[in-house]
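This report concerns only the one structure given below.
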Amino acid sequence: MTVPAKERTASSHRPKILITNDDSIDAKGLHALVTYVSAFGEIRVVAPDRARSGQSGAITTKTPLSVQEVRRSDEARFYTCNGTPVDCVKLALHIFRDFRPDLILSGINHGSNAGISILYSGTMGAVLEGCVVGIPSIGFSLLSYEPDADFLPCRPYIEALVAKVLAEGLPQGVCLNVNFPLSPQGMRVCRQAPGYWTDEYEGCPTAEGKTKYFLTGRFVNVEPEAVDTDEYFLAQGFASVVPCTCDQTAYKEMSRISALVEAIRLK
Numbered sequence: 061m062t063v064p065a066k067e068r069t070a071s072s073h074r075p076k077i078l079i080t081n082d083d084s085i086d087a088k089g090l091h092a093l094v095t096y097v098s099a100f101g102e103i104r105v106v107a108p109d110r111a112r113s114g115q116s117g118a119i120t121t122k123t124p125l126s127v128q129e130v131r132r133s134d135e136a137r138f139y140t141c142n143g144t145p146v147d148c149v150k151l152a153l154h155i156f157r158d159f160r161p162d163l164i165l166s167g168i169n170h171g172s173n174a175g176i177s178i179l180y181s182g183t184m185g186a187v188l189e190g191c192v193v194g195i196p197s198i199g200f201s202l203l204s205y206e207p208d209a210d211f212l213p214c215r216p217y218i219e220a221l222v223a224k225v226l227a228e229g230l231p232q233g234v235c236l237n238v239n240f241p242l243s244p245q246g247m248r249v250c251r252q253a254p255g256y257w258t259d260e261y262e263g264c265p266t267a268e269g270k271t272k273y274f275l276t277g278r279f280v281n282v283e284p285e286a287v288d289t290d291e292y293f294l295a296q297g298f299a300s301v302v303p304c305t306c307d308q309t310a311y312k313e314m315s316r317i318s319a320l321v322e323a324i325r326l327k
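Sequential numbering of the sequence shown, starting at 61, is according to my numbering.
This is how it looks when you write it as structure tokens:
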């Protein structure tokens with residue numbers, strides 16, 4: 061089943077696009093994305109007031125949240141939120157009842173969200189939240205952590221993909237995780253590279269004789285020879301497009317797990 065794009069004409073309906081990120085309202089990647097898609101519809105930005113990387117699907121439960129408009133331009137209306145990327149999406153859908161998005165975009169993230177990073181990514185947490193409520197959603201990331209990174213090579217690919225998704229929608233329950241190398245040579249649909257992070261913390265002694273730990277580490281690709289993963293195509297200079305779902309049920313293993321559970325006999 062495909063989520064249909066809403067019927068629209070130039071005169072009756074201009075697509076509504078909600079944009080967020082996890083690098084904050086001030087991030088260069090966010091403003092680049094707004095510029096690249098501004099011609100496609102009415103843009104509203106709701107982004108964290110400070111960097112919220114690594115927040116995954118976290119929501120704020122014990123701190124009151126607020127949304128504040130910070131500026132308007134010909135391209136978009138900009139709002140900040142003191143919560144996580146998922147908070148930004150949830151609040152935008154709750155507060156702006158007259159602005160039901162046709163599309164949710166997140167990014168452009170400063171740094172990779174390929175492989176297992178999707179589990180930790182605030183960028184993709186926001187995308188998955190959009191997917192949960194049935195709105196076509198895409199996350200964009202660039203393989204550079206530089207605050208002043210050059211996002212321009214991503215522009216034609218973002219424009220083409222956004223145009224296609226607005227016109228045709230995405231399959232029900234599917235969102236997209238798009239990662240760009242610095243100079244993309246094309247796009248490839250692929251699977252997430254399996255792997256894990258290792259050597260994740262670096263300990264530093266303090267003057268008080270204690271140790272503080274800082275997050276670091278490296279990604280270990282457990283299938284380095286595979287030629288159908290995002291890590292492979294990124295290394296070859298292609299942008300990777302991984303279709304993702306929120307449903308984490310291991311359907312292929314249902315019968316095996318059923319046999320395992322049925323074998324348990326409790327007195």
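The beta carbon of each residue, even a glycine, is placed where N, CA and C say it ideally should be.
Query                                                                                                                   : Result
Contact set for GLU189: own chain, Cβ-Cβ below 6 Å, skip 5 residues either direction                                    : VAL146 and VAL149
Integer Cβ distance of VAL105 from VAL94, believed to fall under 8 Å                                                    : 6 Å
Buried or exposed (CB count within 10 angstroms, at least 16 for buried), CYS235                                        : buried
Exposed unless 16 or more other CB atoms sit within 10 angstroms - verdict on ILE85                                     : buried
The region 305–315 touching the region 272–284, judged by at least three CB pairs closer than 8 Å                       : no
Neighbour-count burial assignment, GLU322, 16 or more Cβ in a 10 Å radius                                               : exposed
Paired residues, beta bridge with ILE77 - DSSP                                                                          : ILE103 and LEU163
Own chain residues within Cβ distance below 7 Å of TYR180, not counting five before or after                            : GLY114 and SER116
Straight-line gap, THR69 to SER243 (C-alpha atoms, nearest Å)                                                           : Its pLDDT being 39, under 50, THR69 is placed unreliably by the model, and the measurement read from it follows with that caveat. Rounded to the nearest angstrom, the two C-alpha atoms are 35 Å apart.
C-alpha gap between ASP82 and PHE138, whole angstroms                                                                   : 15 Å
The region 287–300 touching the region 160–175, judged by at least three CB pairs closer than 8 Å                       : yes
Contact belief for ASN169 with LEU202 at Cβ below 8 Å, rounded distance in angstroms                                    : 7 Å
Rounded C-alpha distance that separates GLU313 from LEU320                                                              : 11 Å
Complete runs of the beta strand (DSSP E) confined to the region 253–322 [at least 3 residues]                          : 255–258, 261–265, 271–275, 278–281 and 299–305
Euclidean distance between Cα positions of THR80 and PRO254                                                             : 27 Å
Proximity to VAL187 [Cα-Cα], best of GLN232, ASN237, ALA209 and ASP210                                                  : ASN237
Nearest-angstrom beta carbon gap, ALA299 and ASN239 [assumed within contact, 8 Å]                                       : 7 Å
Unbroken stretches of the alpha helix (DSSP H), 4 residues or longer, contained in the region 149–204                   : 182–192
Coarse secondary structure for ARG325, derived from DSSP in three states                                                : coil
Reduced DSSP category for LEU93 - H, G, I as helix; E, B as strand; rest coil                                           : helix
Reduced DSSP category for LEU212 - H, G, I as helix; E, B as strand; rest coil                                          : helix
Beta-carbon spacing of SER112, GLY167 below 8 Å                                                                         : Residue identity check: residue 112 is Arg in the sequence provided, not Ser. Against a cut-off of 8 Å, the Cβ pair of GLY167 and ARG112 comes out as no contact.
Neighbourhood of LEU226 by C-beta distance below 7 Å, restricted to the same chain and skipping five residues each side : ALA65, PRO75, PHE100, ASP162 and LEU163
GLY89 versus PHE211, PHE159 and ASN281, residue with shortest Cα-Cα distance                                            : PHE211
Neighbour-count burial assignment, HIS154, 16 or more Cβ in a 10 Å radius                                               : exposed
Of the residues ARG110, GLU228, THR144 and LEU78, the one placed nearest PHE156, counting alpha carbons only            : LEU78
Residues near ALA87 in its chain [Cβ-Cβ closer than 7 Å; skip 5 each side]                                              : ASN81 and HIS170
Residues near GLU260 in its chain [Cβ-Cβ closer than 6 Å; skip 5 each side]                                             : GLY277
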